[in-house]
Amino acid sequence: MKWSYVPRWKFTDSYGRPRVSGAHCRLAMTAIALWCLGLVVPGGRAVAQPAGLERIQHLIVIYQENWSFDSLYGKFPGADGIANAGERVGQMKKDGTPYTTLPQPLDTSKKPPVPDARFPTNLPVVAYDAAQYVPPNQATGDIVNRPLQEQLQINGGRMDGFVAWSENGGLAMSYYDATDLPVGRLAQQYVLADHFFHSAFGGSLFNHFWLVCACTPVWSNAPANLVLQLDAEGVVIKDGSVTPDGYVVHTVYPSNRPYPASIKDPAQLMPLLTNPTIGDRLSEKEISWAWYSGGWNDAVAGHPDPLFQFHHQPFNYFAPFAEGAAVRAEHLKDIEDLLAALRTGNPPAVAFVKPIGADNEHPGYADLLRGQQYVATLVKAVQDKFRLEGQCDNHHLRRGRWALGSRPAAAGRSLGSRGSCSGHHYLALCETPLRRSHDL
1057 MKWSYVPRWK FTDSYGRPRV SGAHCRLAMT AIALWCLGLV VPGGRAVAQP AGLERIQHLI
1117 VIYQENWSFD SLYGKFPGAD GIANAGERVG QMKKDGTPYT TLPQPLDTSK KPPVPDARFP
1177 TNLPVVAYDA AQYVPPNQAT GDIVNRPLQE QLQINGGRMD GFVAWSENGG LAMSYYDATD
1237 LPVGRLAQQY VLADHFFHSA FGGSLFNHFW LVCACTPVWS NAPANLVLQL DAEGVVIKDG
1297 SVTPDGYVVH TVYPSNRPYP ASIKDPAQLM PLLTNPTIGD RLSEKEISWA WYSGGWNDAV
1357 AGHPDPLFQF HHQPFNYFAP FAEGAAVRAE HLKDIEDLLA ALRTGNPPAV AFVKPIGADN
1417 EHPGYADLLR GQQYVATLVK AVQDKFRLEG QCDNHHLRRG RWALGSRPAA AGRSLGSRGS
1477 CSGHHYLALC ETPLRRSHDL
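Numbering (the working numbering) for the sequence shown: 1057 to 1496.
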């Protein structure tokens, strides 16, 4: 299996937008609005219920990390999950022969990584429950999340390259049954989207960009040390964050602070982007919005939490939100600001929530249970002020773990998968002013 490089980055059209994915992304975000039934304002006079989408007054999107559908909800009752995998669970080595056992998962907290003694050395080639070896309140190792490797893992929709093309292949086939974990219990009450697809191959930053601007940023003169290298057949020989033709597909940092203190050379910082964002579109329509991040105020003040993730702050990469701009303070806020707004019953119409690292479920540096409980606690803060009638939990992106199925192919290639390999997931909450809670 070899990835064949095509100039101008095969994910994109001539405007730097992934082919087909843009329409799919818009459809998915529309689906979020349709699936969410809403929150009820507790207090004030009852009002007539509008028809259709007009009834939605507030949308809260909670954006977690590096888990996706089959790795958390593949066992969820009624879902299109692991039981439907069939032959797609089989995994092939790079030489085309099948695996007979899985490699032992690695403990990536050690440098270099070492075998994780909590897991056996002879795991069968099946999707297996990691909880029997590592409970969900403990961290596992991390897992590969790079775009070119993901295409090889998908392998034209065969889904048989997850072990071979991973830096932690034995972990790639693991899952937790989150049905009875905090978010799973919420999903039992509301809506769980089991056919929600990711927008872009690869890691956190790339997909954060697709959340806020549906774009693949261009850095045409990126430093050579950040550019990935390919051999004559298109095989990666050196990982990097920018493609040879200038597309940003993995972690880089903006010239806006905050960014890691370890970066001393300004040339290593990406120039601010001018692409339109969903924030621009909301502001044009005079719809209030904000991006709320755990640990933002401390990071801006120059003393970030050790697990603050600088590349999880996508609006900080865009010129309108440059340091000193009035709109920066208006729209880029700390999570404590959202909690204060919820206490007064006055959140913005659209709120994006990015938990701090310890609470974002990212394998390697965070555990699953703490992140799930964080989301449930935040939902409870909403419920304390509003009656929550509906929410949807949307899992997408693969990012390293085996997936049940891929998106339909175009031009002989798979466009991504249904989020079962260590990918991001969204929880969306919507509020409608139906009537006073005590009138229900």
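Quick reminder that beta carbons are idealized off the backbone N, C-alpha and C, glycines included.
- Message: Between the alpha carbons of Gly1350 and His1251, how many angstroms are there, rounded?
- Response: When rounded, the separation of the alpha-carbon atoms in Gly1350 and His1251 is 29 Å.
Quick one: what does DSSP say Val1096 is sitting in, helix, strand or coil?
Because the pLDDT at Val1096 is just 40, under 50, the model does not fix this residue reliably, and the point stays unresolved.
message = Taking the straight line between their C-alpha atoms, what separation do you get for Pro1026 and Lys1410?
response = Any answer about residue 1026 is impossible in this case: the structure gives the chain only from 1057 up to 1496.
query: Which first and last residues belong to the alpha helix (DSSP H) in which Gln1428 is found?
result: For Gln1428, the enclosing alpha helix (DSSP H) begins and ends at 1424-1441.
**OP:** Since I believe Val1304 is in contact with Pro1273 (beta carbons under 8 Å), could you give me their beta-carbon distance rounded to a whole number of angstroms?
**Re:** The pair is a contact, with the Cβ atoms about 4 Å apart (cut-off 8 Å).
Discussion item. Looking only at its chain, what residues have a beta carbon closer than 7 Å to the beta carbon of Leu1328, apart from the 5 residues adjacent to it on each side?
Written reply: If we look at Leu1328 and ignore the five residues flanking it on each side, its Cβ neighbours are Pro1310, Ser1311, Asn1312, Tyr1373, Phe1374, Ala1375, Ala1378.
I'd like the list of long-range same chain contacts for Arg1082, defined as Cβ closer than 6 Å, with 5 residues on each side in sequence excluded.
Only weak support is given to the placement of Arg1082: the predicted model assigns it a pLDDT of 33, under 50, and the question is left unresolved by the model.
inquiry  = Classify Asp1126: buried if its beta carbon has 16 or more other beta carbons within 10 angstroms, exposed otherwise.
reply    = That one is buried.
- For Asp1198, which residues from the same chain have a beta carbon less than 6 Å from its beta carbon, with the 5 sequence-adjacent residues on both sides left out? Within the same chain, Asp1198 has close Cβ partners Thr1164, Pro1419, Gly1420.
*Cβ neighbours of Leu1325 in the same chain (closer than 7 Å, five flanking residues each side left out)*: If we look at Leu1325 and ignore the five residues flanking it on each side, its Cβ neighbours are Tyr1309, Pro1310, Ser1311, Tyr1315, Ile1319.
Smallest Cα separation from Arg1457: which of Ala1280, Ala1397, Trp1123, Gln1245?
-> Looking at the Cα atoms, Trp1123 is the closest of the given residues.
Discussion item. Judging by CA-CA distance, which residue of Ala1278, Ala1186, Ala1135 is the nearest neighbour of Ser1230?
Written reply: Residue Ala1186 is the option with its Cα nearest to Ser1230.
Original post:
Do you know whose CA, among Gln1160, Asn1140, His1254, Asp1216, lies nearest Thr1153's CA?
Top reply: Out of Gln1160, Asn1140, His1254, Asp1216, Asp1216 has the C-alpha closest to the C-alpha of Thr1153.
*asked:* DSSP three-state label for Phe1175, please.
replied: In the structure shown, Phe1175 falls within a coil segment according to DSSP collapsed to helix, strand and coil.
Checklist entry - Do Tyr1129 and Gly1240 come within 8 Å of each other at the CB atom, strictly closer than that value? => result Yes, Cβ-Cβ distance for Gly1240 and Tyr1129 is below 8 Å.
ask   = Which residues share a DSSP beta bridge with Met1148?
value = In DSSP, Met1148 forms a bridge with Pro1154.
*Is the stretch 1264-1271 touching the stretch 1280-1297 in the sense that three or more CB pairs, one from each, lie closer than 8 Å?*
In this structure the stretch 1280-1297 does not touch the stretch 1264-1271; the number of beta carbon pairs closer than 8 Å is below three.
Within a Cβ cutoff of 7 Å, which residues of the same chain sit near Val1293, ignoring the five residues on either side of it in sequence?
Reading the sequence as shown, one finds Ile at residue 1293 and not Val. So the list reads Gln1285, Leu1286, Asp1287, once near-sequence residues are dropped.
| task | Have a look at Asp1236 and Val1181 and give me their C-alpha separation to the nearest angstrom. | result | Each residue's alpha carbon lies about 26 Å from the other.
query = What separation, rounded to the nearest whole angstrom, lies between the Cα atoms of Ile1412 and Ala1484?
reply = Cα to Cα, Ile1412 sits roughly 18 Å from Ala1484.
Here's the rule I'm using: 16 or more other beta-carbon atoms within 10 Å means buried, otherwise exposed. How should His1359 be labelled? By the 10 Å Cβ count, His1359 comes out exposed.
Mind checking whether Ile1343 and Val1268 have CB atoms under 8 Å apart?
Going by beta carbons, Ile1343 and Val1268 fall outside the 8 Å limit.
**OP:** Give the straight-line distance between the Cα atoms of Tyr1155 and Ala1141, rounded to the nearest whole angstrom.
**Re:** Those two C-alpha atoms are separated by around 17 Å.
- Query: Which residue spans inside the stretch 1325-1399 form an unbroken beta strand (DSSP E) run of at least 3?
  - Reply: Along the length of the stretch 1325-1399, whole beta strand (DSSP E) runs at least 3 residues long occupy 1345-1349, 1388-1390, reported in chain order.
- Does DSSP put Ala1484 in a helix, a strand or coil? Correct three-state label for Ala1484: strand.
task = Just mark Pro1133 as buried or exposed, buried being the case when its beta carbon has 16 or more other beta carbons within 10 Å.
result = Exposed.
Hey, Leu1425 and Pro1192 are a contact pair by Cβ (cut 8 Å); roughly how many whole angstroms apart? Taking the Cβ atoms as the reference, Leu1425 lies roughly 4 Å from Pro1192, within the contact range of under 8 Å.
Query raised in the report: Which residue from Phe1218, Leu1434, Ala1317, Ile1334 puts its Cα closest to that of Ala1357?
Result: Looking at the Cα atoms, Ala1317 is the closest of the given residues.
Could you tell me which of Tyr1232, Leu1208, Asp1440 sits nearest to Val1190, measuring between CA atoms?
-> Cα-wise, what sits closest to Val1190 is Tyr1232.
Fill in: Coarse secondary structure for Gln1209, derived from DSSP in three states
In this structure, Gln1209 counts as helix in the three-state DSSP scheme.
Leaving aside the five residues before and after Gln1209 along the sequence, list all residues of the same chain whose C-beta is less than 6 Å from its C-beta, in chain order. Cβ neighbours of Gln1209 beyond the five flanking positions: Gly1217, Phe1218, Trp1221.
- So Pro1168 and Gly1225 are in contact, right, with Cβ under 8 Å, and what is the actual spacing, rounded? Taking C-beta atoms under 8 Å as the contact rule, Pro1168 and Gly1225 fail to qualify, at a distance of about 16 Å.
Which of helix, strand or coil DSSP assigns to His1114
Strand.
Please say whether Lys1441 and Leu1394 have beta carbons closer to each other than 8 Å? Against a cut-off of 8 Å, the Cβ pair of Lys1441 and Leu1394 comes out as no contact.
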